[in-house]
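Q: A single structure is presented below for examination.
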Amino acid sequence: MSPFQQPAPFDGPDVAWFSLSPILVLVGAALFLLVAGALTPRWPRGLYAGVTAASAIAAGVLSMVLWDDITDSAPSTLVGDALAFDTFAMFVTIVICAALLLVALVTEDFLRREDNDGPEVYALYLVAATGGIVMGAANDLIVLFVGLETLSLALYVLAASHRRRAGSTESGIKYFILGSFSSAFLLYGIALVYGAVGSTNITTIVASFEGTTPLERNDALVLAGAALLLVGLGFKVAVAPFHVWTPDVYQGAPTPVTSFMASVGKVAAFAALLRVFVVALPFYRDDWRPVVWALALASMLVGSFLAVVQTDVKRMLAYSSINHAGFMLVGLEAAAHGAGEVDSGPGVPSVMVYLFAYAVMVIGTFAVVTLVARTGDVATDLDSYRGLAQRRPLLAVALTVLLVAQAGVPFTSGFIAKFGVIQAAVEERSYVLAVAAMVTSVVAAFLYLRIMVSTWIEVPGDDDALEQVRLPLSSGLAIAASVGFTLAVGFFPDWLIDASEVTTQFAR
Amino acid sequence: MDAGFPILTALIVVPAAGALLTLLVSQRRPEVVKLVALLASVVTGALSIWLLASFETGEAGFQFVSRHPWIEPWGISWHVGVDGISLPLVVLTGVLFPLSILGADAHHDHKAYLAWLLLLEAGVIGSFLSLDLFVFFLFFEIVLVPMYFLIGGWGYENRVYAATKFFLFTMAGSAFMLVGIVATVFIARDNGVGEITFDLVTLAERADFPLATGRWLFFAFAVAFAVKVPVFPLHTWLPDAHTQAPTAGSVILAGVLLKLGTYGLVRFGLYLFPEAAWWSRPLFLTLGVVGIVYGAVVAAMQKDLKRLVAYSSIAHLGFIILGTFAITSQALTGGVVQMVNHGLSTGALFLLVGWIYERRHTREIAELKGIQTVAPVFAAGFMVVMLSSIGVPGLNGFIGEYLILIGSFLAARWWAVVAATGVILAALYLLWAYQRVFHGEPDEDNRSFAEIKLREGAVLGVIIALIVFLGVYPKPLVERVEPSVDALIEHIERRTGETVTEPELVEEGG
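Protein chains in written order, with the working numbering: chain C, 1 to 508; chain R, 509 to 1018.
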């Protein structure tokens, strides 16, 4: 029933405030930082980051409480069907909060090293994280778009936030131009779907397909819309062939921001991708599945082979993130087989595990990169890592654990993540994709080996260069936490797998 | 079964804990570091000997089984057990590690070196003991990391290239195996097993794969093992890895790491996919025989002593492949026995070559001459080990090759005939090398070649004692291996409906 037919005065939808509390906490903290930060002189060290970290923890804890509420009752929708209130959304929220916490810790040291401390970056993190959470929970394509823009606009500014480095500005502008372009695709896709179905609400979209025959549906419009949605979200996720911005932007952006993009950006966009395709468009799953198949293959190939020829560690990790996105698409492809069914299969849980594991690994890795990059955030080529093992053995060990985890070596979360995705693909009989994924992971392993060779085997070039590499407390905490998480999940993955398997109970 | 002390788990945990403990000791106390590491490996060795002593001879099934659910949503459990096929390999690992720690020092940074070695030991023993496909894969794959760092960190000139090649080759092989493992589990669920489980025994006993599917799955596994062995066309990483690895690395690589491949073929090839293994016999027999001849011929042409030993490994492992895929009780028993023999003799050869390098800083055969004159005991030790590697009766190498040839003669006659030339070729290249290195008058550089040291002598003495013992009296080894092998052959006969041709001979061939 459309609101235009009702003569009665506009009644706002019921708002279950507590169910929105994670978002509210983050938005509140962002506003507090901006307003209070502007009105007061510079705060003592660590306080901006402390507020951010505390609100991330608070939001994370609140979403765990909400998780229990959802599993006790049933998934539902909030604010007049605009947001989904399900375990999937809560899982995404928890991952984003964890990422936010880690990134805030790393950024604390980074900003003071670069003499750039202030509340703005943290406020932007909080806003971006909110956008990401909204994307993961959006039950309406327009809400999804709002979330995406909230995330993206904050990220554009963040990418350019290193005021004294031209590379950072360049990265921000590049990201902004290409990002707005992709947003346009996304918006056009939403418009086409609206044209076909008459609503942007996912519940309504699904309902409108229910029990229809192909003749009654506007297949052409929906498919064109789906294609554009895939382009728009594929850009944010950085899958080939929409990946071209990734290496440049990752390299240019301040390193902690890069880690934020690679974690929160990817998690949010993947959550949106899953919800739009698996929940909203399962009727067309046989149409979009081959496309996802091709994108997965392309991403894995591009991500692994092009990574090998890089000499800059941030670029390498950018390509490796494309490879990882390909792996996650393998999970999405598996999910496509059972999309829309009561038991949608292992695809979605495998992607969720992958997202959590990857977000933590990548932040840890970039945290080490941040420290090695030294003042000015420029020493990111392979040679800068020479002799790291001798000068900063702890840092080298942490980097090694995180890199072998990315390579998918056993007893790390990376292995569990890859295994889950492969398992999902094989269960749905996508053997080609599974084999291709494993083969590209071997190629990608070469890239991680190159970094390890620099770190461990090659002798330091000039003597004092590495002396500047410090291991400050809060970055150290973040690195220790991500290494700990990576190993803990590697040895005891039960709880994460169990949690991920609940996420298939989507709100519809 | 034995519900008491979880000895198998302890065998895996002790070296891993030793590695951690080694890391915790201060860098400034190298002697304590070494002591801790040695102690951890000796304790592991002692545990393995204890396992050997309390192993029920004559039993075919898995013993000391312990099983605990681990990742329940995926049907994965911590399931370890030992039978006659894995027992000798576990003991070999337990013995070889303390010997190589004692026999070869790192030239720098002992702490990390020893920690990696111990971690390697945990991984290798874990692979031999796992009865769960997932757990096996974990250990099989984790082994790469310590080995990579051992070669890359403590190897010779070209070490980074060799280490990277080793890592990528092996990982590429296991990439297929991982997909194979998962596919096996899901396909087995729909073909007789009925649930998702990674348990090896359940899968092997209950799964009934469609013909073509089973073969595909078998090859997914076989590729990984064939790279590890290495079987002929996939062997190119081995000479590089061996030549560049530090001495202890080579010893372990040849002694136990390659056995992961041959063991895997027996345990996850023959046992899990009997039909496919039977069907692919001609292929593997051919590759095995090609490996024997090719390895021998190439070994004869080497200028570098270590490379020569590396290629001789390829030839010897060809014998094990032949023994495995002849699929007769005797050949397979011979194959398992040969795994142990090769571990001892080639391990010792690598130690000796390492010691030569320490003294002369070269491994070029052309630059070594007349060492027998200046270091007669060293030469004698080399001689015994070399003869064992050739397969001279009375030493351990003989019994394995003999059983393999006898066992495969009826089942795969022409392959056995060609393989037999490998024995002669082995004598040729090894004796020739011995002649060039040890005979003649020592020139200026070789005159100062130091005689064997006490510690080296002790290590070599232990290995030679084992070589002679197993050569003269192989019964304790064979009688433990045979029941399990017989059971495996019966399993294959039952699952394929084929009849295995067995020569009527007693097992004590010597």
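By construction, the Cβ of each residue, glycine as well, lies at the ideal position given by its N, Cα and C atoms.
1. Going by CA-CA distance only, name the one from Asp951(R), Thr751(R) and Leu607(R) that's closest to Asn666(R).
2. Given a threshold of 16 other Cβ atoms within 10 Å of its Cβ, counted over all protein chains shown, does His616(R) qualify as buried or as exposed?
3. Whose C-beta lies closer than 6 Å to the C-beta of Asp748(R) among residues of the same chain, with five residues either side of it excluded?
4. What are the partner residues of Leu105(C), as DSSP defines its beta bridges?
5. In this structure, how does DSSP classify His869(R) when only helix, strand and coil are distinguished?
6. Which residues in chain C sit within 9 Å of Thr672(R), going by Cβ to Cβ distance?
7. By alpha-carbon positions, which one of Thr258(C), Ala445(C), Ala98(C) and Ala224(C) ends up nearest to Leu155(C)?
8. If we call anything under 7 Å between Cβ atoms a contact, is Pro523(R) one with Leu626(R)?
9. Run through DSSP, which three-state label would Phe906(R) get?
10. Just checking, does the region 161–174 of chain C make contact with the region 129–140 of chain C on the three C-beta pairs under 8 Å criterion?
11. Please classify Pro577(R): does DSSP put it in a helix, a strand, or coil?
12. Identify whether Asn218(C) lies in helix, strand or coil by the three-state DSSP scheme.
13. So Asp498(C) contacts chain R; which residues on that side make the cut at Cβ distance below 8 Å?
14. Counting only beta-carbon atoms, is Val439(C) nearer than 7 Å to chain R?
15. Assess contact between the region 349–367 of chain C and the region 279–292 of chain C, defined as three or more Cβ pairs (one per stretch) separated by less than 8 Å. Is contact present?
16. What residues from the region 382–416 of chain C come within 7 Å of chain R, judged by C-beta to C-beta, listed N to C?
17. Name, going along the chain, the residues of the region 648–664 of chain R whose beta-carbon falls closer than 9 Å to a beta-carbon of chain C.
18. Verify the CB distance criterion: does Ala488(C) have a CB-CB separation below 7 Å to chain R?
19. How far does the alpha helix (DSSP H) with Leu974(R) in it extend, from its first residue to its last?
20. Please look up how many angstroms separate the CB atoms of Leu371(C) and Arg470(C), rounded, as I've assumed it's under 8 Å.
21. On the criterion of 16 or more Cβ atoms from any shown chain inside 10 Å, does Glu990(R) qualify as buried, or is it exposed?
22. How long is the line joining the alpha carbons of Cys97(C) and Ile57(C), rounded to whole angstroms?
23. At which residues does the alpha helix (DSSP H) containing Val378(C) begin and terminate?
24. What residue range is occupied by the uninterrupted beta strand (DSSP E) comprising Ile835(R)?
25. In the DSSP assignment, find the unbroken beta strand (DSSP E) run with Leu778(R) in it and report its ends.
26. Excluding five sequence neighbours on each side, which residues of the same chain lie with their C-beta closer than 8 Å to the C-beta of Trp558(R)?
27. If distances are taken between C-alpha atoms only, which option among Thr832(R), Phe740(R), Ala568(R) and Ala804(R) comes closest to Leu795(R)?
28. Leaving out the 5 sequence neighbours to the left and right, which residues in its chain are closer than 6 Å to Asp510(R) when beta-carbon positions are compared?
29. What are the partner residues of Ser638(R), as DSSP defines its beta bridges?
30. If we cut at 7 Å on Cβ distances, does Pro493(C) have a partner in chain R?
31. Which residues, in chain order, does the region 690–707 of chain R contribute to contact with chain C at a C-beta distance below 7 Å?
32. Measure the alpha-carbon distance for Ala425(C) versus Leu918(R) and round it to whole angstroms.
33. Provide the residue(s) that pair with Ser76(C) in DSSP beta bridges, ordered along the chain.
34. To the nearest angstrom, report how far apart Thr770(R) and Arg697(R) are at their CA atoms.
35. Please work out which residues of its chain come closer than 6 Å, Cβ to Cβ, to Tyr250(C), disregarding the five sequence neighbours upstream and downstream, and give them in chain order.
36. Less than 7 Å between the C-beta atoms of Phe733(R) and Gly772(R), yes or no?
A: With the given structure in hand:
1. Locating residue 666(R) in the second sequence gives position 158, where the first residue counts as 1. Closest by alpha carbon: Thr751(R).
2. Within the second sequence, the letter at position 108 stands for residue 616(R). By the 10 Å Cβ count, His616(R) comes out exposed.
3. On the second sequence, position 240 is the one that residue 748(R) refers to. Answer for Asp748(R): Ala670 and Lys673, listed in chain order.
4. Residue 105(C) sits at position 105 when you count from the first residue of the first sequence. According to DSSP, Leu105(C) bridges with nothing at all.
5. Position 361 of the second sequence, counting from 1, holds the residue named residue 869(R). Reduced to three states, the DSSP call for His869(R) is coil.
6. If you number the second sequence from 1, residue 672(R) lands on position 164. Those within 9 Å of Thr672(R) in chain C are Phe446, Leu449, Arg450 and Val453.
7. For the purposes of this step, residue 155(C) is taken as the residue at position 155 of the first sequence. Among Thr258(C), Ala445(C), Ala98(C) and Ala224(C), the Cα nearest to that of Leu155(C) is on Thr258(C).
8. As a working mapping, residue 523(R) is identified with position 15 in the second sequence. As a working mapping, residue 626(R) is identified with position 118 in the second sequence. Cβ atoms of Pro523(R) and Leu626(R): closer than 7 Å.
9. Indexing the second sequence from 1 puts residue 906(R) at position 398. Three-state result, Phe906(R): helix.
10. no
11. In the second sequence, counting from the first residue as 1, residue 577(R) sits at position 69. The answer is strand: DSSP assigns Pro577(R) an E or B state.
12. Within the first sequence, residue 218(C) is the residue found at index 218, counting from 1. In this structure, Asn218(C) counts as coil in the three-state DSSP scheme.
13. Position 498 of the first sequence, counted from the first residue, corresponds to residue 498(C). The contacting residues are Pro581.
14. As a working mapping, residue 439(C) is identified with position 439 in the first sequence. Yes, its Cβ sits closer than 7 Å to a Cβ of chain R.
15. no
16. Val404, Val409, Pro410 and Phe411
17. Phe648, Glu649, Ile650, Leu652, Val653, Tyr656, Phe657, Gly660 and Gly661
18. Here residue 488(C) refers to the residue found at position 488 of the first sequence. It does not: the Cβ of Ala488(C) has no partner Cβ on chain R nearer than 7 Å.
19. In the second sequence, the residue the question calls residue 974(R) occupies position 466. Start and end: Leu962 to Val980.
20. Your numbering for residue 371(C) matches position 371 in the first sequence. Your numbering for residue 470(C) matches position 470 in the first sequence. Confirmed, about 7 Å.
21. Numbered from its first residue, the second sequence carries residue 990(R) at position 482. Classification of Glu990(R): buried, given that the 10 Å Cβ count is 16 or more.
22. Residue numbering aside, residue 97(C) sits at position 97 when the first sequence is read from its first letter. Residue numbering aside, residue 57(C) sits at position 57 when the first sequence is read from its first letter. Their backbone Cα atoms lie some 7 Å apart in a straight line.
23. Position 378 of the first sequence, counted from the first residue, corresponds to residue 378(C). Counting along the chain, Val378(C) falls outside any alpha helix (DSSP H), and DSSP gives it neither H nor E.
24. As a position in the second sequence, residue 835(R) is number 327, starting the count at 1. That residue, Ile835(R), is in no beta strand (DSSP E); it is neither H nor E in DSSP.
25. Stepping through the second sequence from its first residue, residue 778(R) is reached at position 270. Element bounds for Leu778(R): n/a, residue is neither H nor E.
26. Locating residue 558(R) in the second sequence gives position 50, counting from the first residue. Taken in chain order, the residues that qualify are Ile515.
27. Position 287 of the second sequence, counted from the first residue, corresponds to residue 795(R). With distances taken between Cα atoms, Leu795(R) lies closest to Phe740(R).
28. By 1-based counting over the second sequence, the position of residue 510(R) is 2. Any reading at Asp510(R) must be qualified, since the residue scores a pLDDT of 46, below 50, and its modelled position is unreliable; the value itself is stated next. Same-chain partners within the cutoff: Phe572.
29. Position 130 of the second sequence holds residue 638(R). Its beta-bridge partners are Val588(R).
30. Looking up residue 493(C) in the first sequence gives position 493. So, interface residue.
31. Val690, Ala691 and Phe694
32. Position 425 of the first sequence, counted from the start, is the residue given in the question as residue 425(C). Position 410 of the second sequence, counted from the start, is the residue given in the question as residue 918(R). Cα to Cα, the separation comes out at about 44 Å.
33. Here residue 76(C) refers to the residue found at position 76 of the first sequence. Ser76(C) is bridged to Phe85(C).
34. As a first step, residue 770(R) must be located in the second sequence, where it is residue number 262. As a first step, residue 697(R) must be located in the second sequence, where it is residue number 189. Each residue's alpha carbon lies about 27 Å from the other.
35. Position 250 of the first sequence holds residue 250(C). Contacts found: Thr258, Lys314 and Ala318.
36. Translated into positions along the second sequence, residue 733(R) becomes position 225. Translated into positions along the second sequence, residue 772(R) becomes position 264. A contact, by the Cβ cut-off of 7 Å.
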